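Read top to bottom, the protein sequences are chains Y and V. If you're matching positions, the first sequence starts at 155 in the numbering used here and goes up one per residue. If you're matching positions, the second sequence starts at 155 in the numbering used here and goes up one per residue. Structure first, commentary second.
Protein chains: 2
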Amino acid sequence: MKFPTVKVDVEGLKNFVSEVFVRLGVAEDDARIIADVLVAADQRGIMSHGVARLGRYVDGIRRGIMIPDAQPEIIRETPTALLVDGNGGMGQVVSFKVMREVIRRAKDMGVAYAVVRNSNHYGIAGYYAMMALEEDLIGISATNSAPIVVPTFGRDMLFGTNPIAVAVPTGGEMPWVLDMATSVVPRGKLEVYARQGEKIPLGWATDERGIPTDDPARVLDNIKNRRGGGILPLGGAGELLGGHKGFGLGILVDIITGVLSLGSFGRYVYGKPDQPPGVCHFFAAVDPAALVPIDQFKSAMDDLISQIKSTPLAEGAEKIWIHGEKEFLRQKAQSEKVEIEKVVIDRLRKIGEELGVPFQLG
Amino acid sequence: MKFPTVKVDVEGLKNFVSEVFVRLGVAEDDARIIADVLVAADQRGIMSHGVARLGRYVDGIRRGIMIPDAQPEIIRETPTALLVDGNGGMGQVVSFKVMREVIRRAKDMGVAYAVVRNSNHYGIAGYYAMMALEEDLIGISATNSAPIVVPTFGRDMLFGTNPIAVAVPTGGEMPWVLDMATSVVPRGKLEVYARQGEKIPLGWATDERGIPTDDPARVLDNIKNRRGGGILPLGGAGELLGGHKGFGLGILVDIITGVLSLGSFGRYVYGKPDQPPGVCHFFAAVDPAALVPIDQFKSAMDDLISQIKSTPLAEGAEKIWIHGEKEFLRQKAQSEKVEIEKVVIDRLRKIGEELGVPFQLG
């Protein structure tokens, strides 16, 4: 399942994306942050969260849903915790700045966390979790999002794909990075299947009656028009395969983001058309060195990873992947040139033309 | 799927269990803790983790795997974190004491956590998470366990059912309590199906080749004899339904318990016959009041719960359950008398006879 792509110069692409945001009123440094988060997603092969989304951000700013020059505001702080109001600004900007602050505090206090309310889509959760790795900390990031997931035994969409990411330093080349939607799949997966005209596996989504369906176009249309049904939590429909666990994890993310910040949660995220979505985030960092020598911690991580890698394969399987390994290898291979879908290139070019920012493949 | 039960007096049962542990060398106060954790599991309807396990603990002490009078030792501590060595003692005892300490620190610091190494099976994860509720804190608990779960695309067992529990205070009658194995099911579910001679759904476990199977007896026998195969992570086999996410959550628990404490993790937990299992735990508490007024936090939780409850039902569904609701209702109904399986009663009676502790149904 792959669409036609072209290779694009990474620096050129970041410059273009950054310039687009500057034209829309985002400060130069902030625009660089957004560009870095978006292009990193493409480099890591998570193209649903990369520059393919640029149009949605442009649209968000134009419609007043995203405030390009909003200043995040610290509502309350302690040595270990921060409550920040994003004031409707760009999700990447507040997230980057808050995670940097969480890291600083975790270095001092051993552990620290922050909640952000009134923000917007922040891109890949893993980006912020991985920021902690530079300081040899464990990084954690989570966000709530538009309600497109149904609760176990429920018919209507109630909460988002609510991803959680955790990044853990290792002694080896690659960190361990879990970056997962708490739904069985993100919406982008359904879109890919719909574009291909393919059926989805039963267990990904339900129809307007709340019954599992294999028709992705129908699900996407129902989601758009709020007709009922939606994406299923990790574990699928009902309780037999653990759907109530994925449901619990999704709600947990709403609790540590929207509830803990007294912001938006559940159906209130993107609750009304043309109302600011009020997306909420959670960030945390833990310093293993507060309790154990960091080198021994990293050696133990390497040991765990080598236990995984040395596990005999199931019949017919090719490889056991370490979490973050696929993305790490992709990012390494795409450090200078990154694959972008042709249809996305066309969209970028159009955005560039509208804003007077020349787009070059480089 | 229910086996014949009898109703037993809760206080009498706790006294019996406690007395059994005292006879085996556990201090009176510590024995009371273990009894309370075990009977609470039965009261909450999690009978796989209740007094049905008493025989395993008795056996563990007799074989020297569990040290009845071990003193937990603080290896390192900071205002926000604790590293504790369980010295091979009873999991419930060290866990109860450490969680109490974590709660105290979280009240002071806003957030605190602890890791415990060289411990033993600690019962239901939710018990310790729920301890935080009395202080209006969010409680978190996780533990690694015997490796009976296979990694995605792997043939052999690598890590445990590694449960995570999170308890969140609410303004309403019931707290929100997620208490879940990160595997699709715990081992106990397979045992119930095997006893009934029923097939298990494909997606719960794999056979000795690493292929999904519906034969629970075969899986249990393979697990016992380490022939390959085992229980699947949440999300099932392969990546199609998100099995790699459950795999990631299971490994995450091994990281925050065994790796972070420099204790046992992965295959090392119960690595060798007659070697202490070296089970490791994680505990944390977060004080919402550090950032927001606790009453507003609780009201927001109530709002989220009412959003869930007011979601229209899927066709054919009867009810959307809040996490912890089934267990709360069961515990409330069983506050004085608790249902215990007849076969378990027989086993308790036998243990009592061996140790000279009279067992009365009460």
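By construction, the Cβ of each residue, glycine as well, lies at the ideal position given by its N, Cα and C atoms. The model shown is predicted, which means the values in this text are computed figures rather than measured ones.
Item	Value
Nonlocal neighbours in the same chain, by C-beta distance under 6 Å from Ile-215(Y), ignoring five residues either side	Leu-178 and Pro-222
Span of the alpha helix (DSSP H) around Val-176(V)	164-177
Partner residues on chain V for Phe-170(Y), Cβ-Cβ distance less than 8 Å	Ordered by position in chain V, no residue passes the 8 Å Cβ test against Phe-170(Y), which lies about 33 Å from the chain.
Where Trp-469(V) meets chain Y, residues with beta-carbon distance less than 8 Å	Note on identity: in this sequence residue 469(V) is Glu, with Trp being the wrong assignment. Those within 8 Å of Glu-469(V) in chain Y are Arg-309, Arg-363, Gly-364 and Ile-365.
Extent of the continuous beta strand (DSSP E) run through Ile-333(Y)	The question names Ile, yet the displayed sequence has Asp at residue 333(Y). Taken as a continuous stretch (DSSP letters only), the beta strand (DSSP E) holding Asp-333(Y) covers 330-334.
Cβ of Ala-443(Y) within 7 Å of any chain A Cβ	Although the question refers to chain A, the structure presented lacks it and instead comprises the protein chains Y and V.
Asp-441(Y): first and last residue of the uninterrupted alpha helix (DSSP H) it sits in	Note, Asp-441(Y): premise wrong, no alpha helix (DSSP H); not H, not E.
Under 8 Å by beta carbon: chain Y residues contacting Lys-473(V)	Phe-307
With 16 other Cβ atoms within 10 Å as the buried cut-off, status of Asn-379(Y)	exposed
Proximal chain V residues relative to Gln-225(Y), where beta-carbon distance stays under 7 Å	What Gln-225(Y) touches in chain V: nothing, since even the nearest Cβ is about 20 Å away.
Gly-293(Y) - DSSP class collapsed to helix/strand/coil	strand
Contact belief for Met-143(Y) with Gly-325(Y) at Cβ below 8 Å, rounded distance in angstroms	Nothing can be reported for residue 143(Y): it is not among the residues displayed for chain Y, which extend from 155 to 516.
For Arg-230(Y), three-class secondary structure by DSSP	strand
Test item: CB-CB of Leu-291(V) and Asp-457(V) under 7 Å	no
Distance CB(Pro-323(Y))-CB(Met-311(Y)) smaller than 7 Å	no
Residues of its chain near Ile-229(V), where Cβ-Cβ distance is below 6 Å and the 5 sequence neighbours each way are ignored	Leu-237 and Asp-239
Chain V contacts made by the region 433-462 of chain Y, where a contact means CB separation under 7 Å	Pro-442, Ala-444, Leu-445, Val-446, Gln-450, Phe-451, Ala-454, Met-455, Leu-458, Gln-461 and Ile-462
Rounded straight-line distance, which links the Cα of Gly-397(Y) to that of Arg-381(V)	29 Å
Runs of beta strand (DSSP E) wholly within the region 275-323 of chain V (minimum 3 residues, chain order)	292-297 and 318-322
Straight-line gap, Arg-186(V) to Asn-169(V) (C-alpha atoms, nearest Å)	8 Å
Beta-ladder partner(s) of Lys-491(V), from DSSP	Asp-163(V)
Validate contact between the region 392-408 of chain Y and the region 254-265 of chain Y using beta carbons, cut 8 Å, 3 pairs	no
As assigned by DSSP and simplified to three states, the class of Ala-348(Y)	helix
Tyr-267(V) - DSSP class collapsed to helix/strand/coil	strand
Whole-angstrom distance between Gly-470(V) and Ser-181(V), CA atom to CA atom	A quick correction: the sequence has Ala, not Ser, at residue 181(V). Going by the C-alpha atoms only, they are around 52 Å apart.
is_contact[Leu-406(V), chain Y] using C-beta, thresh 7 Å	yes
Straight-line Cα distance separating Phe-437(V) from Ser-295(V)	5 Å
Residue of Val-205(Y), Ser-460(Y), Asp-213(Y) and Ala-266(Y) minimising C-alpha distance to Ile-278(Y)	Val-205(Y)
Cross-strand partners of Thr-360(Y) (DSSP beta bridge)	Pro-366(Y) and Gly-384(Y)
Other residues of its chain near Ala-348(Y): CB distance less than 7 Å, five sequence neighbours each side excluded	Pro-370, Ala-371 and Leu-374
Nearest-angstrom Cα separation, counted from Met-284(Y) out to Ala-268(V)	23 Å
Under 7 Å between C-beta atoms of Gly-404(V) and Val-303(V)	yes
Own chain, CB closer than 8 Å to Leu-192(V), minus 5 neighbours either side, in chain order	Val-171, His-203, Gly-204, Val-205, Arg-207, Leu-208, Gln-246 and Gly-277
Contact check, Arg-309(V) vs Ala-391(Y), beta carbons under 7 Å	no
Reduced DSSP secondary structure (H/G/I, E/B, other) of Asn-241(Y)	coil
Check whether Met-328(V) and Phe-482(V) have beta carbons under 7 Å apart	yes
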